[in-house]
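Chemist: In terms of the UniProt record's numbering, the sequence shown has 140 at position 140, counting the first letter as 1, and numbering is strictly consecutive. For glycine and all other residues, C-beta sits at the position ideal for the given N, C-alpha and C. My questions will all concern the structure given below.
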Amino acid sequence: MPEISSRLSNFTESVIRKMTRISNKYGAINLSQGFPDFDPPKEITEALKKIADDGPHQYEVTWGSQKLREALAKKQRKYMGIDIDPDKEIVITCGSTEAMMVSMMTVCNPKDKVIVFSPFYENYGADAILSGAEPIYVPLKPPTFEFDKEELINAFKQKPKAIILCNPSNPTGKVFSLEELQFISELAKEYDTFVITDEVYEHIVMKPYEHIYMSSLPGMFERTIACSSLSKTYAITGWRIGYIIAPEHIIQNAKKVHDFLTVGAAAPLQAAVLEGLSLPDSYYEELRELYTRKRDLFLKGLDEAGLKYTKPEGAYYVMVDISEFTNRSDNEFCEWLIKEVGVAAVPGSSFFKEDVNNLIRFHFAKKDETLIEAIKRLKTLKEKASKSQWLKEK
Ligand code: GLN
Numbered sequence: 001m002p003e004i005s006s007r008l009s010n011f012t013e014s015v016i017r018k019m020t021r022i023s024n025k026y027g028a029i030n031l032s033q034g035f036p037d038f039d040p041p042k043e044i045t046e047a048l049k050k051i052a053d054d055g056p057h058q059y060e061v062t063w064g065s066q067k068l069r070e071a072l073a074k075k076q077r078k079y080m081g082i083d084i085d086p087d088k089e090i091v092i093t094c095g096s097t098e099a100m101m102v103s104m105m106t107v108c109n110p111k112d113k114v115i116v117f118s119p120f121y122e123n124y125g126a127d128a129i130l131s132g133a134e135p136i137y138v139p140l141k142p143p144t145f146e147f148d149k150e151e152l153i154n155a156f157k158q159k160p161k162a163i164i165l166c167n168p169s170n171p172t173g174k175v176f177s178l179e180e181l182q183f184i185s186e187l188a189k190e191y192d193t194f195v196i197t198d199e200v201y202e203h204i205v206m207k208p209y210e211h212i213y214m215s216s217l218p219g220m221f222e223r224t225i226a227c228s229s230l231s232k233t234y235a236i237t238g239w240r241i242g243y244i245i246a247p248e249h250i251i252q253n254a255k256k257v258h259d260f261l262t263v264g265a266a267a268p269l270q271a272a273v274l275e276g277l278s279l280p281d282s283y284y285e286e287l288r289e290l291y292t293r294k295r296d297l298f299l300k301g302l303d304e305a306g307l308k309y310t311k312p313e314g315a316y317y318v319m320v321d322i323s324e325f326t327n328r329s330d331n332e333f334c335e336w337l338i339k340e341v342g343v344a345a346v347p348g349s350s351f352f353k354e355d356v357n358n359l360i361r362f363h364f365a366k367k368d369e370t371l372i373e374a375i376k377r378l379k380t381l382k383e384k385a386s387k388s389q390w391l392k393e394k
């Protein structure tokens with residue numbers, strides 16, 4: 001038989017989606033793969049019903065419907081604080097996943113180096129391999145997830161083509177400060193490097209933290225390829241509507257990559273989501289409040305269960321330290337947690353390049369009642385762990 005492409009030998013299946021499968025098999029509360037169990041805004045779902053009768057049902061313009069690009073440019077102009085041309089500086093993609101892949105393929109030649117902060121959202125490793133680029137990992141050190149400036153400078157000295165910046169960060173919940181972003185941007189300018197951002201949690205930032213767009217820093221729009229999506233903002237992760245905002249000469253090329261990869265995002269969904277983009281500013285303010293409340297509810301539960309964690313500032317994830325329970329693999333621990341405690345998490349090692357085995361990731365984008373039930377179960381963790389032989393083995 002002919003062999004499968006060697007590209008694939010370097011990555012495994014997604015650990016996040018594997019945990020969802022195991023969770024479903026055992027009927028656990030799934031706090032592994034991050035997606036809400038509550039509904040999108042009514043305005044959007046009502047529009048979708050109407051579109052079923054009225055269309056559109058055929059291909060849209062490959063880089064996104066005119067109306068969607070215009071509405072998005074208007075909203076992003078307000079939040080990013082920069083002028084965006086809907087015809088020349090936006091591509092609508094199938095989720096931020098495609099946006100990131102397209103960005104990498106647009107700027108990277110095989111063997112180009114790309115800086116990736118570790119821990120990182122698992123797709124970036126695969127994106128780098130698929131586009132032929134070679135990642136240089138720079139650690140975000142637990143428990144504060146700060147980077148060492150010298151380590152970042154040394155990574156830039158290797159002349160990378162791009163740096164990937166997930167802000168607010170999945171899986172850490174870190175929101176990069178202005179000072180950190182300025183430090184990164186100065187290096188990007190000095191070493192003539194692109195910044196590819198993943199900003200899907202741009203509207204999920206807990207007070208007093210604020211999301212600062214890399215594109216909005218002085219001299220950075222020119223070299224920033226801002227990827228994001230509407231998945232998290234409107235609780236529509238299954239719709240797969242993402243976008244890239246970047247200068248014209250980059251977008252021109254990204255449009256070509258996107259066209260040949262997917263032709264375009266789903267036309268009826270592009271039409272329905274317009275209703276989301278016309279929601280008032282109060283929607284985004286309430287979203288922040290909603291997630292701040294959910295974070296606080298979940299963290300209080302973790303405190304009560306006696307679990308140690310790093311307090312998230314944004315996104316909807318929390319990294320929990322399991323070192324007091326086991327020194328064996330976090331993968332085994334997560335499987336035990338699903339089967340014995342009835343809650344699913346993602347083993348932290350799937351996000352780290354370094355050998356880190358003592359962290360697991362929960363997400364809290366769930367109804368309060370789901371979180372309360374998860375907490376109830378997590379409160380049994382300590383006792384169950386103390387009775388379980390292999391957990392205590394040294
Ligand atoms: N971004 C979500 C997470 O990190 C969903 C990942 C996925 O399945 N694409 O859990």
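Report whether the distance from the Cβ of TYR201 to the nearest heavy atom of the ligand GLN is below 7 Å.
Modeler: As a first step, residue 201 is located in the sequence shown; it is residue number 201 there, counting from the start. No, the ligand GLN has no heavy atom inside 7 Å of this Cβ.
Chemist: Where GLU324 and VAL138 are concerned, what is the direct C-alpha to C-alpha distance, given to the nearest angstrom?
Modeler: Working through the sequence shown from its first residue, we reach residue 324 at position 324. Working through the sequence shown from its first residue, we reach residue 138 at position 138. Approximately 27 Å between the Cα atoms of the pair.
Chemist: Of the residues ASP85, ALA28, GLU122, ALA246, which one's Cα is nearest the Cα of PHE11?
Modeler: One-based indexing of the sequence shown puts residue 11 at position 11. Taking only the C-alpha atoms, the option nearest PHE11 is GLU122.
Chemist: Taking C-alpha atoms, which residue in ALA385, GLU373, SER14, LEU371 lies nearest to ASN327?
Modeler: Position 327 of the sequence shown holds residue 327. The option with the nearest alpha carbon to ASN327 is ALA385.
Chemist: Which runs of the beta strand (DSSP E) fall wholly inside the segment 30-99 and span at least 3 residues, in chain order?
Modeler: Correct list: 90-93.
Chemist: Say yes only if the C-beta of TYR121 is nearer than 7 Å to one or more non-hydrogen atoms of the ligand GLN, and no if none qualify.
Modeler: Working through the sequence shown from its first residue, we reach residue 121 at position 121. Yes, the Cβ of TYR121 comes within 7 Å of a heavy atom of the ligand GLN.
Chemist: Would ALA345 and SER169 qualify as a contact pair, given that the criterion is a beta-carbon distance under 8 Å?
Modeler: For the purposes of this step, residue 345 is taken as the residue at position 345 of the sequence shown. For the purposes of this step, residue 169 is taken as the residue at position 169 of the sequence shown. Not closer than 8 Å, so no.
Chemist: Hey, how far is the Cα of ASP368 from the Cα of TYR291?
Modeler: Reading the sequence shown from its first residue, position 368 is the one you call residue 368. Reading the sequence shown from its first residue, position 291 is the one you call residue 291. Going by the C-alpha atoms only, they are around 11 Å apart.
Chemist: For MET80 and LEU48, I'd like the C-alpha separation in whole angstroms.
Modeler: As a first step, residue 80 must be located in the sequence shown, where it is residue number 80. As a first step, residue 48 must be located in the sequence shown, where it is residue number 48. Near 28 Å, if we compare the C-alpha coordinates of LEU48 and MET80.
Chemist: Are the segment 282-291 and the segment 251-264 touching, with three or more C-beta to C-beta distances below 8 Å?
Modeler: The answer is no - the segment 251-264 does not touch the segment 282-291, with fewer than three Cβ pairs under 8 Å.
Chemist: Is THR292 helix, strand or coil by DSSP?
Modeler: Within the sequence shown, residue 292 is the residue found at index 292, counting from 1. Helix, per DSSP.
Chemist: Is the segment 295-303 in contact with the segment 156-164, if contact means three or more CB pairs nearer than 8 Å?
Modeler: Taking 8 Å as the limit for Cβ pairs, the verdict is that the segment 156-164 does not touch the segment 295-303.
Chemist: For the candidate residues SER65, ALA246, LEU277, VAL195, whose alpha-carbon lies nearest to that of ASP83?
Modeler: The count along the sequence shown starts at 1 and reaches residue 83 at position 83. Nearest C-alpha to ASP83: ALA246.
Chemist: From LEU274, ILE322, TYR243, pick the residue whose C-alpha is nearest to that of residue 396; which is it?
Modeler: Because the chain spans 1 through 394 in this model, residue 396 falls outside it and cannot be assessed.
Chemist: Could you tell me whether the Cβ atoms of HIS203 and THR233 are closer together than 8 Å?
Modeler: Residue mapping note: residue 203 aligns to position 203 of the sequence shown, counting from 1. Residue mapping note: residue 233 aligns to position 233 of the sequence shown, counting from 1. Yes; because the gap between Cβ atoms is below 8 Å, this pair is in contact.
Chemist: TYR26: beta carbon under 7 Å from a heavy atom of the ligand GTP?
Modeler: For the ligand GTP, the structure offers nothing, since it holds only the ligand GLN.
Chemist: The beta strand (DSSP E) spanning ILE225 covers which residue range?
Modeler: Here residue 225 refers to the residue found at position 225 of the sequence shown. It spans 224-229 - the beta strand (DSSP E) in which ILE225 sits, taken as one unbroken run.
Chemist: Note the first and the last residue of the continuous beta strand (DSSP E) segment covering VAL197.
Modeler: As a working mapping, residue 197 is identified with position 197 in the sequence shown. According to the sequence provided, residue 197 is Thr. The question's Val does not apply to it. Counting along the chain, the beta strand (DSSP E) containing THR197 begins and ends at 194-198.
Chemist: Just to confirm the assignment, what range does the alpha helix (DSSP H) spanning HIS249 have?
Modeler: For the purposes of this step, residue 249 is taken as the residue at position 249 of the sequence shown. 248-262 is the extent of the alpha helix (DSSP H) around HIS249.
Chemist: Does the ligand GLN have even one heavy atom less than 7 Å from the beta-carbon of ALA242?
Modeler: Translated into positions along the sequence shown, residue 242 becomes position 242. Correcting the residue identity first, residue 242 is Gly in this sequence and not Ala. No, the Cβ of GLY242 stays beyond 7 Å of every heavy atom of the ligand GLN.
Chemist: Do you know how far the Cα of LYS74 is from the Cα of ILE51?
Modeler: Taking the sequence shown and counting its residues from 1, one reaches residue 51 at position 51. Taking the sequence shown and counting its residues from 1, one reaches residue 74 at position 74. Each residue's Cα considered, the two are about 23 Å apart.
Chemist: State the DSSP-derived secondary structure class of CYS166, mapped to helix, strand or coil.
Modeler: Position 166 of the sequence shown, counted from the start, is the residue given in the question as residue 166. Of the three classes helix, strand and coil, the one that applies to CYS166 here is strand, per DSSP.
Chemist: Terminal residues of the continuous alpha helix (DSSP H) containing GLU151?
Modeler: Your numbering for residue 151 matches position 151 in the sequence shown. GLU151 -> alpha helix (DSSP H) spans 149-157.
Chemist: To which residues does DSSP link LEU359 through a beta bridge?
Modeler: As a position in the sequence shown, residue 359 is number 359, starting the count at 1. In the DSSP output, where bridge partners are listed per residue, LEU359 has ASP321.
Chemist: Is any heavy atom of the ligand GLN found at a distance shorter than 7 Å from the C-beta of residue 450?
Modeler: Residue 450 lies beyond the range of the chain shown here (1 to 394); nothing can be said about it.
Chemist: By the DSSP assignment, the alpha helix (DSSP H) with GLU335 in it spans what residues?
Modeler: Working through the sequence shown from its first residue, we reach residue 335 at position 335. That run of the alpha helix (DSSP H) goes 330-336.
Chemist: Do ASN253 and THR106 have their CB atoms nearer than 8 Å?
Modeler: One-based indexing of the sequence shown puts residue 253 at position 253. One-based indexing of the sequence shown puts residue 106 at position 106. Cβ distance < 8 Å, so ASN253 and THR106 count as in contact.
Chemist: Within the same chain, show all residues whose beta-carbon is closer than 8 Å to that of SER329, passing over the 5 residues directly before and after it, in chain order.
Modeler: In the sequence shown, counting from the first residue as 1, residue 329 sits at position 329. Once the five neighbours on either side are set aside, the close Cβ partners of SER329 are PRO347, SER349, ASN357.
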